[in-house]
Amino acid sequence: MVTLLVRFISGTYHATPWGHHVNEGRVEWPPSPWRILRTIIATYYLKCSDHFSESQVKDIVLQLAHVLPEYYLPPVSASHVRYYHPQASYQVFDNFLAVSPDTPLVVRWPEVELTDEEWTVFDEIVKRIGYLGRSESWVDMQLVRQWSGEPNWRPERGVESEAVDLLAPVKPHDYRMWVNGFMSRDRMEKPSGNRRRRRIGVPVVPVVPEDLWQALLMDTNQLEQGGWTRPPGTQWVTYGCGKSQQLAPLLRKPRKHYTMVRLTLEGKPRPRVQQTLTVTELFRSALMRQLDDVMGQIPWTISGHIGTGPAQGHRHAYFLPEDADNDGRIDHLVLYVPSGISDEVIRALGRIRFLKSYASDRVWPVYFEGAGEVEDFSGVSALVGPAATWRSLTPYLHPWHQKKHGKFGPHEQLQRELLLQKAFPAVEQLSRLPAMTLGGHTVYAVEFRKQRPGKNEGPDRVGSFWEVQFSEAILGPLGLGRGAHHGLGTFVALARSE
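Written out as structure tokens, the structure is:
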């Protein structure tokens, strides 16, 4: 059995997954099998080619490629820094994982046995590996024959907890089968080719490596020039942790019941608060896709539908925006479910890596921040009190039609909603605001998108801003009116009370 102990001596790990830009804020964790094999090969050619023959290293690498590795992942925490490019005006996001230098990442290839000569060659290469991922990720690697621990991440389908897709090579004896599939015209792996050659009509003839070893030797420039959307001879493998390694909740003590989850929304630029409905629709769609993968179904608490009709009583999910730093842009997303959030929903949320708007071609990375009861977020989220005074963040859309001569207008309808929900104390003052100030700019309700695709416009097509003062402090979150479950009619807490 071959086992690698990898210590990140700088305390950080930097690596961008294949197919993603560095500014998307994603970190490949654990390091993919493809990345590890390429690191071994690169170190051989750079530092050991004078000591060992290529055929010796090739035999070792192909043995490792024949088996998918298992991992023991040490505890990590996500972080990032932002800085401006010295010769441009845009920001660069450097996302990385912080990991203790004292706790190694373990990579184990079960069923791989090396001869004494192969072990010597491999050990000398491993000792000379200086970094894994980007060059900032300094490592100290050690090759061991025995390891007393137990892996906590394995290649498996239908995992019951966290899961991630990693790029791995196909088995060497399956490479010819991969080539035959690639050469068929209906395969998605076929490279897109050079853009200029496609534009002028020059046919692109893909250069397919003759074996897996040659595929592993292709550098990034060759892959880009050949138009490869994925390295040849690779496959996506789902890795996950089993029940015994399920991740603990990130906020306070573990508990079985959750009602609120908060996620961080990154990207440059972040979406404006006026784009709330667009962002919450993307958030809801991403969660429902993940739930379909995790559970094979979507619970009514998330979809808001029971059978063919809508759920009643406002016990299902609220998808809410948050502007924590008051700059006029959405920096957090909140899922609030009064009836409770199941473990399956928590796992599905943890699988969401980004939101992508196909209309604007924007991508916003998403990070799972924490889950718990609403009171766990008191003092953390602007959507949570306790507070007696609450002010609109997004426009309130009255849900019923007004009567003649302006009777039963927004003021009366807002009062009636608060009364019907029977969860709020008496309203002492209800004031309509002509506009809001977001990020130093005056914003009017008409600037917000208010129509969901395929839905009726409703009686209120303009919206209004309000400030509500209760006789007693409430905890929140507070969302009222039409579209409240999708981020419209969201209020933020003012003058928090202890």
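Residue numbers (my numbering): 1 to 498. Virtual Cβ for every residue (Gly too), placed ideally from N, Cα, C. Remember, it's a predicted structure, so these values are computed and weren't measured experimentally.
Distance from the CA of V81 to the CA of I330, rounded to the nearest whole angstrom, comes to 19 Å. For the pair W236 and I125, the Cα-to-Cα distance works out to about 27 Å. Only residues of its own chain outside the window of five on either side were considered, and among them T301 and R315 have a CB closer than 6 Å to the CB of S339, listed in chain order.
Closest in alpha carbon position to Q413, among T276, K403, G483 and H398, is H398.
Excluding five sequence positions before and after V446, the CB atoms of its chain that fall closer than 7 Å to its own CB belong to V462, given in chain order.
Looking at the backbone, the Cα of D292 and that of N456 are separated by about 27 Å. If you look at M288, you'll find it in the alpha helix (DSSP H) that goes T276 to V294. Around the CB of A423, fewer than 16 other CB atoms lie within 10 Å, so the residue is classed as exposed. Contact annotation: G240 and A359 have beta-carbon atoms that are not nearer than 8 Å. Between G379 and the set R128, L494 and G307, the nearest pair of CA atoms involves L494. Of the residues assessed, V22 falls on the exposed side of the cut-off, its CB having fewer than 16 other CB atoms within 10 angstroms.
Fully contained in the stretch 362 to 437 are the following beta strand (DSSP E) runs of length 3 or more, in chain order: 362 to 372, 387 to 392 and 427 to 433. Taken through DSSP and simplified to helix, strand or coil, G476 comes out as coil.
Under the three-state reduction of DSSP output, A317 falls in the coil class, being neither helix nor strand.
A Cβ-Cβ distance of about 19 Å is found for the pair A15 and R128, leaving them out of contact under the 8 Å criterion. Spatial neighbours of Q290 in its own chain (CB-CB distance under 7 Å, excluding positions within 5 residues in sequence) are listed in chain order as A348, R351 and I352. Spanning the alpha carbons of G481 and L64 requires a straight line of approximately 59 Å. Taking a contact to require three or more Cβ pairs closer than 8 Å, the stretch 61 to 80 and the stretch 107 to 115 qualify as touching.
As a beta-bridge residue in DSSP terms, R262 pairs with V334 and G370.
With contacts defined by Cβ atoms closer than 8 Å, L393 and T259 do not form a contacting pair. Residue range V139 to V144 is occupied by the beta strand (DSSP E) that includes D140. L73: not part of any alpha helix (DSSP H); DSSP gives it neither H nor E.
Assignment of F448 by DSSP, reduced to helix, strand and coil, places it in the coil class. Taking every protein chain shown into account, the CB of N95 has 16 or more other CB atoms within 10 angstroms, so this residue is buried.
Check the Cα spacing between L265 and each of H173, P434, P410 and H332: the tightest is with H332. In the DSSP assignment, S464 falls outside any alpha helix (DSSP H) and carries neither an H nor an E. Sorting V384, E322 and P17 by C-alpha distance to the C-alpha of H486 places E322 at the top. A straight line joining the alpha-carbon of V384 with that of H20 spans about 35 Å.
If you check the CB distance, S357 and T278 come in under 8 Å.
Judged by DSSP secondary structure, Q63 falls within the alpha helix (DSSP H) whose first and last residues are E54 to A65. Here the alpha carbon of D174 sits roughly 13 Å from the alpha carbon of A168. Remark: three or more beta-carbon pairs, one from each stretch, lie closer than 8 Å, so the stretch 4 to 13 and the stretch 130 to 146 are flagged as touching.
In the three-state DSSP reduction, K268 falls in the coil class, being neither helix nor strand. In this structure F283 touches F319 by the C-beta definition: roughly 5 Å separates them, less than 8 Å. The distance from the Cβ of R38 to that of L216 is about 6 Å, consistent with a contact at the 8 Å cut-off. With respect to Q469, E417 sits apart: the two C-beta atoms are not nearer than 8 Å.
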